[in-house]
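Structure record follows, encoded as structure tokens.
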Amino acid sequence: MKGIKKIHVVSLIMIVAAVTLLLTASKDMSTYATFEQADETSSSVKVVATLAKDKEMYYDPAEDPNYFSFYLKDANGEERKVILHDAKPQDFELSEQIVVTGKMKGNDFVASNLLLKCPSKYKDEEISVRSDIEI
Amino acid sequence: MSEITYLGEHLFPGALGQFLIALGLSSALISAVGYYLAVRHGANTSDHRGFRNIGRAAFIATSGSVFGIISIMFYMMINKYYEYEYVWSHVSDELPFQYLFSAFWEGQQGSFLLWMFWHAILGLFLMWVAKRWESATMAVLALVQAFLLSMIIGIYITPDFRLGVTPFSLLRESEGMTNLPIFANANYLEMIKGKGLNPLLQNYWMTIHPPTLFLGFASVTIPFCYAVAGLWKKDYSGWLKPVLPWALFSGAILGTGIVMGGAWAYEALSFGGYWAWDPVENASLVPWIVLIGGIHTNLVARSTQHSIKATYALYVLAFFFILYSTFLTRSGILGDSSVHAFTEMGLEWQLVIFMVFFAALGIYQYFRHTRHIPVPAREESFSSREFWMFIGSLVLLFSAGLITFTTSLPVINKLSTFYGSLVGQDTSSWHMAQPEDPIAHYNRFQLWIAVFVAFLSGVSQYLIYKRDKLRDNFVKSLSIGLLVSALLTFLTNLWLDINTFSYLLLLFSAVFTIVSNGQYLVSVLKLKLKSSASVIAHIGFGLMIIGILASGINKQFISNNAFAMQGIFSPQDERIQKNVYLIKGKPMFMGGYLATYESDTMIGNNRLYEIKFDKLAEDNKTVEESFVLEPYLTYNNTLTEMVNPNPSTKRYLHKDIFSHITAAPSKHISVEAARNEDDSLDYQRYNFSLYDTVKVDDISMSLRQIYMHPSHPEYNPEPGDLAYGIQIIAWDSNGIYRAASPVLAIKEQKYIYSFYDELEDMNIRLRLTEEGLNNVYPVEATLNYETFRQKLGDSFYFGDCKITVAGFNRSPEHASYKPEDGDIAVAVNLDIESAKGIRYRSSPIFLIRDNRTFLVKDYVPELGLSTKFSSIDPASEKLDLLFAKNDMASANFPVEIALNAPTDDFVVLEAIEFPGINFFWLGCTMMMMGMLLGMSRRLKII
Numbered sequence: 001m002k003g004i005k006k007i008h009v010v011s012l013i014m015i016v017a018a019v020t021l022l023l024t025a026s027k028d029m030s031t032y033a034t035f036e037q038a039d040e041t042s043s044s045v046k047v048v049a050t051l052a053k054d055k056e057m058y059y060d061p062a063e064d065p066n067y068f069s070f071y072l073k074d075a076n077g078e079e080r081k082v083i084l085h086d087a088k089p090q091d092f093e094l095s096e097q098i099v100v101t102g103k104m105k106g107n108d109f110v111a112s113n114l115l116l117k118c119p120s121k122y123k124d125e126e127i128s129v130r131s132d133i134e135i
Numbered sequence: 001m002s003e004i005t006y007l008g009e010h011l012f013p014g015a016l017g018q019f020l021i022a023l024g025l026s027s028a029l030i031s032a033v034g035y036y037l038a039v040r041h042g043a044n045t046s047d048h049r050g051f052r053n054i055g056r057a058a059f060i061a062t063s064g065s066v067f068g069i070i071s072i073m074f075y076m077m078i079n080k081y082y083e084y085e086y087v088w089s090h091v092s093d094e095l096p097f098q099y100l101f102s103a104f105w106e107g108q109q110g111s112f113l114l115w116m117f118w119h120a121i122l123g124l125f126l127m128w129v130a131k132r133w134e135s136a137t138m139a140v141l142a143l144v145q146a147f148l149l150s151m152i153i154g155i156y157i158t159p160d161f162r163l164g165v166t167p168f169s170l171l172r173e174s175e176g177m178t179n180l181p182i183f184a185n186a187n188y189l190e191m192i193k194g195k196g197l198n199p200l201l202q203n204y205w206m207t208i209h210p211p212t213l214f215l216g217f218a219s220v221t222i223p224f225c226y227a228v229a230g231l232w233k234k235d236y237s238g239w240l241k242p243v244l245p246w247a248l249f250s251g252a253i254l255g256t257g258i259v260m261g262g263a264w265a266y267e268a269l270s271f272g273g274y275w276a277w278d279p280v281e282n283a284s285l286v287p288w289i290v291l292i293g294g295i296h297t298n299l300v301a302r303s304t305q306h307s308i309k310a311t312y313a314l315y316v317l318a319f320f321f322i323l324y325s326t327f328l329t330r331s332g333i334l335g336d337s338s339v340h341a342f343t344e345m346g347l348e349w350q351l352v353i354f355m356v357f358f359a360a361l362g363i364y365q366y367f368r369h370t371r372h373i374p375v376p377a378r379e380e381s382f383s384s385r386e387f388w389m390f391i392g393s394l395v396l397l398f399s400a401g402l403i404t405f406t407t408s409l410p411v412i413n414k415l416s417t418f419y420g421s422l423v424g425q426d427t428s429s430w431h432m433a434q435p436e437d438p439i440a441h442y443n444r445f446q447l448w449i450a451v452f453v454a455f456l457s458g459v460s461q462y463l464i465y466k467r468d469k470l471r472d473n474f475v476k477s478l479s480i481g482l483l484v485s486a487l488l489t490f491l492t493n494l495w496l497d498i499n500t501f502s503y504l505l506l507l508f509s510a511v512f513t514i515v516s517n518g519q520y521l522v523s524v525l526k527l528k529l530k531s532s533a534s535v536i537a538h539i540g541f542g543l544m545i546i547g548i549l550a551s552g553i554n555k556q557f558i559s560n561n562a563f564a565m566q567g568i569f570s571p572q573d574e575r576i577q578k579n580v581y582l583i584k585g586k587p588m589f590m591g592g593y594l595a596t597y598e599s600d601t602m603i604g605n606n607r608l609y610e611i612k613f614d615k616l617a618e619d620n621k622t623v624e625e626s627f628v629l630e631p632y633l634t635y636n637n638t639l640t641e642m643v644n645p646n647p648s649t650k651r652y653l654h655k656d657i658f659s660h661i662t663a664a665p666s667k668h669i670s671v672e673a674a675r676n677e678d679d680s681l682d683y684q685r686y687n688f689s690l691y692d693t694v695k696v697d698d699i700s701m702s703l704r705q706i707y708m709h710p711s712h713p714e715y716n717p718e719p720g721d722l723a724y725g726i727q728i729i730a731w732d733s734n735g736i737y738r739a740a741s742p743v744l745a746i747k748e749q750k751y752i753y754s755f756y757d758e759l760e761d762m763n764i765r766l767r768l769t770e771e772g773l774n775n776v777y778p779v780e781a782t783l784n785y786e787t788f789r790q791k792l793g794d795s796f797y798f799g800d801c802k803i804t805v806a807g808f809n810r811s812p813e814h815a816s817y818k819p820e821d822g823d824i825a826v827a828v829n830l831d832i833e834s835a836k837g838i839r840y841r842s843s844p845i846f847l848i849r850d851n852r853t854f855l856v857k858d859y860v861p862e863l864g865l866s867t868k869f870s871s872i873d874p875a876s877e878k879l880d881l882l883f884a885k886n887d888m889a890s891a892n893f894p895v896e897i898a899l900n901a902p903t904d905d906f907v908v909l910e911a912i913e914f915p916g917i918n919f920f921w922l923g924c925t926m927m928m929m930g931m932l933l934g935m936s937r938r939l940k941i942i
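Heads up: the sequence lines are chains A and B, in that order.
So the first sequence is numbered by the numbering used here: it starts at 1 and just counts up by one.
So the second sequence is numbered by the numbering used here: it starts at 1 and just counts up by one.
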């Protein structure tokens, strides 16, 4: 066994452990799906979508502060009603893109997590003019 | 088009700044070359003096340039030179002076400069103390500084490739701006105002966090410089001693910077926690973890000559991860997965080159010399401390690798797309999304790593360097340690109540670290605090883990109301109810508390909500304790829009109660949202006369009072306003009475503001119309005044009103009278009793100003009575009083009423209890203190 050191054994163990962990980890990684694919699976998926601004957005905290529903349109133009059991996120209407995680329950998509991509309010290339001056 | 000569621009500071950037970059390069030659032409123990002096002078010049650039930028920002894009983007007229620093490092260039500032300071210090290591280390540092300066030089190498982005570019020349019509005006500077610092960043964290973090970043460069220098000079073990204090300093400062970020997130942002495994957070954590690994192998190498290679590798990697983190946060690649990366500036390729260059330098030096690096003939033995410390460092590197893998998913996706474009294949199906639940994902692996590291940092204290055999009392000490730890874990768990095996094991390992390090402190170090750096740091680590466990696992949403939710959710519904709806003034049960939303107040940019918490005893009746939390909403600089909800926390020694606002009435959110909401309501018009009852749906309403000088929470009265308000009393068939007082005001004779009011609990909103104004401000020409000549104390009748002259007031106040110097003004107080027996007071004013007489009229709106005081006869003491009446009884007040209107008197609150969070802060602080103590010991400061 000359030449094989403990350090090599340990390194080998760690490499095996790393690969195992990464393989298990990749199960955590979700893949992007469409609503049509979400219909077919009972497991949780991530959908990249945009807000259907013409459809109703419902949040009435007086009735239930943990219920927010809205409609999303995915890349294929497919629309679903999405339900989030939490308060309506800040700047929701401004979002350009919404990544929603969750699964279908009946005809509705029940979201466990939302990631909003908002244009920064402070980046618009627009020069504000002093209010007391007219051009 | 002819060239415009712009007025009022200050072009000199920008030109000087740009010159200094060029000077700084070239002197950084000269310094690197000078120092390089000093090593090349020097002996192993002494550098070539001439070249070294060139390197020194040039480094001083580049540092001077950096300080100069920063000073010029501050000068421009203080003087608000909006002609510069950077000033315009980050400063505004309203920006308080104390936020000038935050504004400076808000942008990419400013933060690069902050980083360079620390490099300059550290470099000058290194130059002074490094002795024979000076040239080799400084050559590397100067090169790093040159790369950073190239990030802000902003010159076009080819028409398409710009090197860096300068902080001195003019607004009118910057991207997307050149064609704006405003720049057709020569005096455009008089018209524009700065955008100002993002209100989210207007807090003290933004003042202290970035400088600390960037000092941490800059300090990681020094161990890297030493590592390269050690290889380069072929002095493979000589550098291990001088580098150690630098590495410990870096570990402490970078660690502090990261924890400060967590504290900021916890205290000022509302995601409810101090760590979210956000890619930007990870990006600064990973180099720290690697550096900590490096410190451990460095210690091993110093004592045993083992692990020298590992020390090289870890210090190089730590610096590489700093560059990688810079790339991740500044290239815009994280756009999809992180909430707080910088915006793109087209620096991606430059950042990639920066990263690749220094990675290549480190790898090249390492492999060129690796054969020569001494390795002791004998292997580390299983029972030696060095073996387990090495394993521990490897585990830390392993942890860093796992974090980096997930954080780098966007990079991996980009690379696969790139590969796809090379081979002409669509690789988008290979793309991986961020884990569904990132926190659970990271915790799953880091948990076991933490268990391992915690056990190692406990066990290692029982072991000794360079020993094949275990200590005689090893088994005894270890068994006592394990036993005591088991007992303490049991006791701690009485409080934490954990029943998951993995968490219990983690708790046990953390307790074990504390116990064994404590044992070591007592039995080996004999309580000598000076030598206890590692003990303090490791106990800190243990406490930090306990804090994470306690606050993470036992985090509890107290903002839920099981009672109110009954019937809405079935009992098996395990969804966590995170938010409660609070109506102003109405106590609400939630998680053992009675919460009451008491009031809201605007202070500066913030609206504070006062929420009172009454802690209830077991019987749900007795109030054990009360406290008030004030979560608040921050508005933008024009107060038209809410930008951030800020939490408020009640701190106890053993727990925190954390709360923030998750939803508020639309008029608290933005002017636009409020207008949209009000526009969407169905307002119907109803005509009211004084004291008449009007039926609206099943509610009866009656107009009871008319105000000439109305008050309303949102109405800000100013002289010259025409305003009125009414009070409406409403009642339903159950005999519940409510009142509302809407207001209407005309400002500057053209802008009409209608301030609605709501009937609480009835969901009814009322607003006034302009027509009603004519009743309150009758046109003078339509009035027929009747004159009465009376004395003080006289009573007489005008129509059915009994009027008494009650007295005089020589310093009268009246909404339409503004006193001036030299005025002679007298008001007469008239007591008026109407036919219904209601009493009113009216006080018209007689005024002499500049020898001319003015009559200031008074008006009693409920009676429609106008009064004037036209003259006084000093001889007879008789007054001339004028009275006129318009028909108020039949006057018509149209009111617009909307039913089913949303209420404005509510907030939605989220409240979370974090037990034991102070262990986390205490543990982190101890880790950093331990490292600073170790540094001071090695520098022989103490």
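Note that CB positions come from ideal geometry on N, CA and C, so glycine has one too.
Computed from a prediction, not measured in an experiment: that's the story for all the values here.
If you measure between the beta carbons of G943(B) and A318(B), is that distance less than 7 Å?
The structure shown has nothing for residue 943(B), since chain B only spans 1 to 942.
Could you check whether M931(B) and G540(B) sit closer than 7 Å to each other, using their CB atoms as the reference points?
No, they are not a contact pair.
Between T407(B) and chain A, is any beta-carbon pair separated by less than 7 Å?
Not closer than 7 Å to any Cβ of chain A, the Cβ of T407(B) fails to qualify, so no.
Using C-beta distances below 8 Å, list every residue in its chain close to L291(B), excluding the 5 sequence neighbours before and after it, in chain order.
Correct list, in chain order: V220, P223, A247, S250, G251, L254, L314, Y315 and A318.
Near-chain B residues of the stretch 63-91 of chain A - C-beta to any C-beta below 8 Å
Listed by position along the chain: D64, P65, N66, H85, D86, A87, K88 and Q90.
Does the beta-carbon distance from V776(B) to P861(B) come in below 7 Å?
Yes. Within cutoff.
Cα separation between A63(B) and W115(B)?
Residue identity differs from the one stated: residue 63(B) is Ser in this sequence, not Ala. S63(B) and W115(B): Cα-Cα distance of roughly 12 Å.
What do you reckon, are the CB atoms on L197(B) and S111(B) nearer than 7 Å?
Cβ atoms of L197(B) and S111(B): not closer than 7 Å.
When you compare only the Cα positions, how much space is there between Y581(B) and L933(B)?
Answer to the nearest angstrom: the Cα atoms are 50 Å apart.
Return the CA-CA distance between I7(A) and N493(B), expressed in angstroms with no decimal places.
Taking the straight line from one Cα to the other gives about 37 Å.
So, using beta-carbon positions, are I373(B) and Y465(B) closer together than 7 Å?
Y465(B) sits away from I373(B), with the two beta carbons spaced by 7 Å or more.
Strictly by DSSP, which residues pair up with I897(B)?
For I897(B), which the question treats as bridged, DSSP gives the partners Q684(B) and L766(B).
Is the beta carbon of G547(B) closer than 7 Å to that of F512(B)?
Contact check for F512(B) against G547(B) fails: the beta carbons are separated by 7 Å or more.
Using the Cα positions of E833(B) and I657(B), report the straight-line distance between them to the nearest angstrom.
Taking the straight line from one Cα to the other gives about 57 Å.
Going by the DSSP bridge assignment, what does E630(B) pair with across the sheet?
Per the DSSP secondary-structure output, E630(B) pairs with nothing in a beta bridge.
Could you pull out every residue in the same chain whose Cβ sits closer than 6 Å to the Cβ of G8(B), ignoring the five residues on either side in sequence?
For G8(B), where only same-chain residues beyond five positions count, the Cβ hits under 6 Å are L189.
Measure the alpha-carbon distance for K121(A) versus L334(B) and round it to whole angstroms.
Since pLDDT at K121(A) reaches only 41, below the 50 mark, its modelled position is unreliable, and the value read off the structure follows with that caveat. Straight-line measurement puts the Cα of L334(B) at about 18 Å from the Cα of K121(A).
The alpha helix (DSSP H) enclosing K667(B), as first and last residue numbers:
Element bounds for K667(B): S666 to I669.
Rounded straight-line distance, which links the Cα of H369(B) to that of L231(B):
The C-alpha of H369(B) is placed about 6 Å away from the C-alpha of L231(B).
My assumption, with CB atoms under 8 Å, is that K857(B) sits in contact with P844(B). Please give the rounded CB distance.
Their Cβ separation, rounded to whole angstroms, is 6 Å, which keeps K857(B) and P844(B) in contact under 8 Å.
Please name the residues in the stretch 397-421 of chain B whose beta-carbon is closer than 8 Å to at least one beta-carbon of chain A, in chain order.
If the cut-off is 8 Å between Cβ atoms, the stretch 397-421 of chain B has F398, G401, L402, F405, T406 and L409 near chain A.
Assigned exposure category for P61(A) - 16 Cβ within 10 Å defines buried
So P61(A) ends up on the buried side.
Please confirm whether D54(A) has its beta-carbon closer than 7 Å to some beta-carbon of chain B.
No, its Cβ sits nowhere closer than 7 Å to a Cβ of chain B.
Strictly under 7 Å for the Cβ-Cβ distance: is Y58(A) near chain B by that measure?
Any Cβ of chain B closer than 7 Å to the Cβ of Y58(A) would place that residue at the interface, and such an atom is absent.
Can we say the stretch 728-742 of chain B touches the stretch 762-775 of chain B, given the rule of at least three CB pairs closer than 8 Å?
Note that the stretch 728-742 of chain B touches the stretch 762-775 of chain B; at least 3 beta-carbon pairs, one per stretch, sit closer than 8 Å.
So, with DSSP's three-state summary, where would you put A911(B)?
A911(B) falls in the strand class under three-state DSSP.
Answer yes or no: does any C-beta atom of chain B fall closer than 7 Å to that of I28(A)?
Position check: residue 28(A) holds Asp in this sequence, whereas Ile was assumed. With 7 Å as the cut-off, D28(A) counts as an interface residue toward chain B.
Complete alpha helix (DSSP H) runs within the stretch 95-166 of chain B (minimum length 4 residues, chain order)
Secondary structure within the stretch 95-166 of chain B: the alpha helix (DSSP H) runs of 4 or more consecutive residues, fully enclosed, are 100-104, 108-129 and 134-150 (chain order).
Relative to the C-alpha of E786(B), which residue among N886(B), L703(B) and L909(B) is closest?
Each of N886(B), L703(B) and L909(B) was checked against the Cα of E786(B), and the nearest Cα belongs to N886(B).
Let's test the definition: count the other Cβ atoms within 10 Å of the Cβ of N298(B) and tell me whether it reaches 16, buried, or not, exposed.
Buried.
Quick one: what's W731(B) bridged to in DSSP?
Answer by DSSP bridge pairing, in chain order: S700(B) and Y737(B).
S393(B): buried (16+ other C-beta within 10 angstroms of its C-beta) or exposed?
By the neighbour-count criterion, in which 16 or more other beta carbons inside 10 Å mark a residue as buried, S393(B) falls on the buried side.
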